[in-house]
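Report on the following structure.
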Amino acid sequence: MREEFEGLAGTAVDKEWRGAVGNPTRLLIDSARAADFVVTGSHEGASVSNVHRSIDFGSLVLQAGRPMLVASTGVR
């Protein structure tokens with residue numbers, strides 16, 4: 001996934017890859033606070049049965065402390 005991210009982002013923009021193991025909501029909130037702006041996908045269709053693969057979207061939005069753009073699913 002990291003290689004795909006770096007390939008898509010290219011060298012035209014400053015970027016930073018962050019990867020960690022733990023509570024995904026907490027990790028995203030902490031990472032968001034290091035950013036100027038957060039772009040995320042919609043939580044529609046996300047697996048909520050596995051707490052290690054899902055986030056509390058409301059907590060992310062309310063606690064990130066940064067402006068967010070939420071991209072809708074299925075839009076091209």
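The numbers in the numbering used here rise by one with no breaks, and the one at position 68 of the sequence shown is 68. Built from N, CA and C at the ideal position, the CB exists for glycine as well.
When we look at the beta-carbon of residue i and count the other beta-carbons within 10 Å, is it buried (16 or more) or exposed?
i          : result
residue 62 : exposed
residue 38 : buried
residue 69 : exposed
residue 60 : buried
Helix, strand or coil for residue i per DSSP?
i          : result
residue 74 : coil
residue 61 : helix
residue 41 : strand
If contacts are defined as beta-carbon pairs under 8 Å, then residue i and residue j qualify, I think. What distance do you get, rounded to the angstrom?
i          : j          : result
residue 29 : residue 64 : 6 Å
residue 2  : residue 36 : The pair is not a contact, with the Cβ atoms about 21 Å apart (cut-off 8 Å).
Do the CB positions of residue i and residue j come within less than 7 Å of each other?
i          : j          : result
residue 34 : residue 27 : no
residue 42 : residue 11 : no
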